[in-house]
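Asks: Chains as they are written, first to last, in the working numbering: chain A, 1 to 257; chain B, 258 to 577.
Before we start, here is the structure in question, set down as structure tokens.
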Amino acid sequence: MGEIISLKRESLLKYVLQLADNALILGQRLAELCGHGPILEQDIAITNISLDLIGEARILYQYAAEIEGNGKTEDDYPYKRDVRDWQNILLVELPNGHFGYTIMRQFMFDCYHYYHLKAMTNSGDERLAQIAAKTIKEATYHLKYSSEWVIRLGDGTQESHDKMQEALNDRIRFFDEAFIPSKIENDKSLNGVAVDCTKIKASAWAKFTEVCQTANLEIPEVKFPQKGGKDGVHTEHFGFILAELQFVQKSYPDSNW
Amino acid sequence: MTEIQSLEKRFQDRIDAEERIEPRDWMPEKYRKTLIRQISQHAHSEVVGMLPEGNWITRAPNLRRKLGLIAKVQDEAGHGLYLYSACETLGISRDEVLDQLHTGKAKYSSIFNYPTLTWADIGAIGWLVDGAAILNQVPLCRCSYGPYARAMVRVCKEESFHQRQGYEIMLTLANGTPEQKEMAQDAINRWWWPSLMMFGPNDSESTHSAQSMAWRIKRFSNDELRQRMVDMIKPQTDILGLTLPDPEIKWNEERGAHDFGEIDWDEFWSVVKGDGPCNKERLAARVKAHEEGQWVRDAALAYAEKQEVRKASDGKTKVA
Ligand SMILES: [Fe+2]
Ligand SMILES: [Fe+2]
Ligand SMILES: [Fe+2]
């Protein structure tokens, strides 16, 4: 019996970290843009989303630390794990590129994130349900923001349309990973706790398609969706993200900041 | 008295009576120009100032510090926005003032032309640079020009939060490992003099001061404010157990203030004139963001116009 409980706890920990990693890495990517946005108002808006996502990651890492209950803190997970232990989807670690790429990546993530949180409000794990209820308010705003910008840029000038189509063509193969369950999402011990990501796929895609249509963007067919992030197999970009993220703690271990 | 002279006299009387001048009120052309120069430089400083600190966002040492730093840099963007709006009330568009920045015609605070090398620099900037900004800006809350004064009230609240956050970073480092303490001392050593330079040239060298004082744009002289800075920071440095890189700093009982050493004015003027360590990089970063954002701004405008047309023709079909 004790063993079953601890197995479940280990699965829950892994699941919570997967959620946190998505939020943190996208928040970190967006934070790179702070001070470099195309216009001050959008600089502020993108930074806001970054703050929300890192804030969400922080709550989830705190929960992870409580689940482990061995004195770890919220910072141990982002600052002390190496590449293969991170479970975020590949989409969120892709470079910002031009503003069209940033917006497209955001929109794809928001389509997933919003419906995922919506489902998570019904999680059998009370804490996850609470976290979802809190963060879905922000995710609702993010989805609205990125949808509006996909439309504005897709239906703006010829140049902006071409840039959005370019971003869509290049990034679409990273969209589906979010809806392909990882081992941990399929873990039987998390039945009723983890969101069944296959079940949110239809709603997320419906929203995605609707917005792309309004934006006059054509969704290309994807033969081989890219995946692996959830199992710790990342893109080559990822090591560099960690090099920056963890630089101070690696250079001066065991210090308070 | 000519008509203009009597207008000028009424204007000065209102200023002397501590009345606020509002955008629609008559004002001397030179007053308007002085304000545009000052407010736009202030706005540019907020925005360029995002760069040296933004440089550490991705490397902040823990999540709490990362969130604190992002929020701070975002606040500075907000300050830039209020100030660009205050400029617009004086009849100059944001595009025009941005153009002056990007072509090197307008200045911004020289402090942001120094590099941020370690995490301690983030603490030192919050503490010293935002500290100096507060001393400069608190009197501006009573500036004769209403929109500028009101923007400053909002800004000052946030700046004092930034300063506390910066000092708290310094305290943590000062109470940390020997390496952290050394990092904090090194940051003070590099940021102290440039922070003192933020108050501008000595009163004897300051060209715009007298008129600005008469117009109640400025309330205290550069040297008065600089003295306050030294008097505020010295005891705070003592609490940290660290030192200021000025052997001449000493309490003067008679004056009731600290004596301190002479600023390296050659360095001051060379950075003002564009030869500081990061002048080129800072400006290049702003120009790059602006140019790479052009298609985004164009698209937003084109889309808004299309929506207008769509709305108008929608209205027509409904009427028909
Ligand atoms: Fe500011
Ligand atoms: Fe300021
Ligand atoms: Fe500030």
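Positions of the beta carbon are idealized from the N, C-alpha and C atoms, including for glycine.
#1: Hey, how far is the Cα of residue 128/A from the Cα of residue 120/A?
#2: Kindly indicate if chain B contains any beta-carbon less than 9 Å away from that of residue 61/A.
#3: Please go through the same chain and pick out, in chain order, the residues whose beta-carbon is closer than 7 Å to the beta-carbon of residue 337/B, but skip the five residues on each side of it.
#4: Using a Cβ-Cβ cutoff of less than 6 Å, which residues in the same chain neighbour residue 311/B once the five nearest sequence positions on both sides are dropped?
#5: Answer yes or no: the CB of residue 306/B versus the heavy atoms of ligand 1, is any distance below 8 Å?
#6: By Cβ distance, which residues of its chain are closer than 8 Å to residue 104/A, with the 5 residues on each side in sequence left out?
#7: Counting only runs of 3+ residues fully inside the region 414-473 of chain B, write out the beta strand (DSSP E) ranges in chain order.
#8: Got a sec, what are the start and stop residues for the beta strand (DSSP E) residue 509/B sits in?
#9: Where residue 568/B and residue 143/A are concerned, what is the direct C-alpha to C-alpha distance, given to the nearest angstrom?
#10: May I ask you to verify whether the region 4-16 of chain A touches the region 185-200 of chain A, counting CB pairs closer than 8 Å and requiring at least 3?
#11: Using a C-beta to C-beta distance shorter than 8 Å, which residues of chain A count as neighbours of residue 492/B?
#12: Quick one: what's residue 161/A bridged to in DSSP?
#13: Can you confirm whether residue 163/A, when its beta carbon is compared against all beta carbons of chain B, has any partner nearer than 9 Å?
#14: Quick one: Cα of residue 266/B to Cα of residue 285/B, how far?
#15: Spatial neighbours of residue 196/A within its chain, please: C-beta separation below 8 Å, excluding the five flanking residues on both sides.
#16: Measuring only the C-alpha atoms, how far is residue 193/A from residue 384/B?
#17: On a CA-only basis, which of 211/A, 177/A and 215/A is nearest residue 198/A? Give me that one, please.
#18: Take residue 544/B as the anchor and find which of 270/B, 359/B, 321/B and 529/B has the nearest alpha-carbon.
#19: When we look at the beta-carbon of residue 209/A and count the other beta-carbons within 10 Å, is it buried (16 or more) or exposed?
#20: Mind checking residue 224/A: buried by the 16 CB within 10 Å criterion, or exposed?
#21: Is residue 516/B helix, strand or coil by DSSP?
#22: Quick check on residue 412/B - is its C-beta less than 9 Å from some C-beta in chain A?
#23: According to a CB-to-CB cut-off of less than 8 Å, which residues of the region 32-43 of chain A neighbour chain B?
#24: Residues of chain B with CB closer than 7 Å to the CB of residue 248/A, please, in chain order.
#25: Could you check whether the Cβ of residue 95/A sits closer than 9 Å to any Cβ belonging to chain B?
#26: Determine the chain E residues that contact residue 160/A at a beta-carbon separation under 9 Å, and present them in chain order.
#27: For residue 57/A and chain B, any beta-carbon pair shorter than 9 Å?
#28: Who are the near neighbours of residue 155/A in its chain, counting only those whose CB is closer than 8 Å to its CB and skipping five residues on each side?
#29: For ligand 3, which residues have a Cβ under 5 Å from at least one heavy atom, in chain order?
#30: Please tell me whether, using a cut-off of 8 Å, the distance from the CB of residue 584/B to the nearest non-hydrogen atom of ligand 1 is below it.
#31: Is any heavy atom of ligand 1 found at a distance shorter than 8 Å from the C-beta of residue 332/B?
#32: Which whole-angstrom value is the C-beta distance of residue 117/A and residue 136/A, which I expect to be below 8 Å?
#33: Within the present structure, is the beta-carbon of residue 233/A separated from the nearest heavy atom of ligand 1 by less than 8 Å?
#34: Quick check: does the Cβ of residue 390/B come within less than 8 Å of any heavy atom belonging to ligand 1?
#35: Flag this pair as yes or no: are the beta carbons of residue 296/B and residue 343/B separated by less than 9 Å?
#36: For chain B, is any of its Cβ atoms less than 9 Å away from the one on residue 114/A?
Replies: If we stick to the structure as given:
#1: For the purposes of this step, residue 128/A is taken as residue 128 along the first sequence, with counting starting at 1. For the purposes of this step, residue 120/A is taken as residue 120 along the first sequence, with counting starting at 1. Looking at the backbone, the Cα of residue 128/A and that of residue 120/A are separated by about 7 Å.
#2: Taking the first sequence and counting its residues from 1, the one referred to as residue 61/A is at position 61. Residue contact with chain B for residue 61/A: present (Cβ-Cβ distance below 9 Å to some residue of chain B).
#3: Looking up residue 337/B in the second sequence gives position 80. Answer for residue 337/B: 300, 303 and 304, listed in chain order.
#4: Indexing the second sequence from 1 puts residue 311/B at position 54. Closer than 6 Å at the Cβ level, and outside the excluded window around residue 311/B, lie 330.
#5: Along the second sequence, read from residue 1 onward, the residue named residue 306/B stands at position 49. For residue 306/B, the Cβ falls inside the 8 Å cut-off from some heavy atom of ligand 1.
#6: Walking along the first sequence from the start, residue 104/A turns up at place 104. Contacts found: 150, 164, 167, 168 and 171.
#7: Whole beta strand (DSSP E) segments, 3+ residues: zero.
#8: To locate residue 509/B, count along the second sequence from 1; it is residue 252. Segment 507-509, the beta strand (DSSP E) holding residue 509/B.
#9: For the purposes of this step, residue 568/B is taken as the residue at position 311 of the second sequence. For the purposes of this step, residue 143/A is taken as the residue at position 143 of the first sequence. Taking the straight line from one Cα to the other gives about 24 Å.
#10: Result yes; three or more Cβ-Cβ pairs closer than 8 Å.
#11: Position 235 of the second sequence holds residue 492/B. Within 8 Å Cβ-Cβ: nothing; residue 492/B doesn't reach chain A, min ~24 Å.
#12: Position 161 of the first sequence, counted from the start, is the residue given in the question as residue 161/A. Residue 161/A is bridged by DSSP to nothing; it lacks a bridge partner.
#13: Counted from its first residue, the first sequence places residue 163/A at position 163. Residue-level contact check: residue 163/A touches chain B, since one or more beta carbons of chain B fall below 9 Å from its beta carbon.
#14: The residue you call residue 266/B lines up with position 9 of the second sequence. The residue you call residue 285/B lines up with position 28 of the second sequence. CA-CA distance, residue 266/B to residue 285/B, rounds to 10 Å.
#15: As a working note, residue 196/A is residue 196 in the first sequence. Only 119, 181 and 185 meet the Cβ criterion.
#16: Here residue 193/A refers to the residue found at position 193 of the first sequence. Here residue 384/B refers to the residue found at position 127 of the second sequence. Taking C-alpha positions only, residue 193/A is separated from residue 384/B by approximately 46 Å.
#17: Counting from one through the first sequence, the residue named residue 198/A turns up at place 198. Nearest Cα to residue 198/A within the set 211/A, 177/A and 215/A: 177/A.
#18: Within the second sequence, residue 544/B is the residue found at index 287, counting from 1. The candidate whose alpha carbon is nearest that of residue 544/B is 359/B.
#19: The count along the first sequence starts at 1 and reaches residue 209/A at position 209. Residue environment analysis places residue 209/A among the exposed positions, since fewer than 16 neighbouring C-beta atoms fall within 10 angstroms of its C-beta.
#20: The residue given as residue 224/A occupies position 224 in the first sequence. Result: exposed.
#21: Start at 1 with the first residue of the second sequence, and residue 516/B comes out as number 259. Here residue 516/B carries a strand assignment [DSSP, helix/strand/coil].
#22: Taking the first residue of the second sequence as 1, we reach residue 412/B at position 155. No, because no Cβ of chain A sits closer than 9 Å to the Cβ of residue 412/B.
#23: Those residues of the region 32-43 of chain A that come within reach of chain B (Cβ to Cβ, closer than 8 Å) are 32, 34, 35, 36, 37, 38, 39, 40, 41, 42 and 43.
#24: The count along the first sequence starts at 1 and reaches residue 248/A at position 248. Within chain B, the residues near residue 248/A are 316, 318 and 376.
#25: Within the first sequence, residue 95/A is the residue found at index 95, counting from 1. It does not; no Cβ of chain B falls within 9 Å.
#26: Although the question refers to chain E, the structure presented lacks it and instead comprises the protein chains A and B.
#27: As a working note, residue 57/A is residue 57 in the first sequence. Taking Cβ atoms only, chain B reaches closer than 9 Å to residue 57/A, which makes this a yes.
#28: To locate residue 155/A, count along the first sequence from 1; it is residue 155. Sequence-distant partners of residue 155/A (beyond 5 residues in either direction) whose C-beta falls short of 8 Å from its own C-beta, in its chain, are 161, 214, 215 and 216.
#29: Counting every residue whose Cβ lies closer than 5 Å to a heavy atom of ligand 3, we get 387/B, 416/B and 419/B.
#30: No answer is possible for residue 584/B: the residues shown for chain B start at 258 and end at 577.
#31: On the second sequence, residue 332/B is found 75 positions in, with the first residue counted as 1. The beta carbon of residue 332/B sits closer than 8 Å to at least one heavy atom of ligand 1.
#32: Here residue 117/A refers to the residue found at position 117 when the first sequence is read from its first residue. Here residue 136/A refers to the residue found at position 136 when the first sequence is read from its first residue. Beta-carbon to beta-carbon, residue 117/A and residue 136/A are separated by about 4 Å, close enough to satisfy the 8 Å threshold.
#33: The residue given as residue 233/A occupies position 233 in the first sequence. No heavy atom of ligand 1 is found nearer than 8 Å to the CB of residue 233/A.
#34: In the second sequence, counting from the first residue as 1, residue 390/B sits at position 133. At least one heavy atom of ligand 1 lies closer than 8 Å to the C-beta of residue 390/B.
#35: Position 39 of the second sequence, counting from 1, holds the residue named residue 296/B. Position 86 of the second sequence, counting from 1, holds the residue named residue 343/B. Contact flag set, yes.
#36: Translated into the one-based positions of the first sequence, residue 114/A becomes position 114. So no, residue 114/A is outside the interface.
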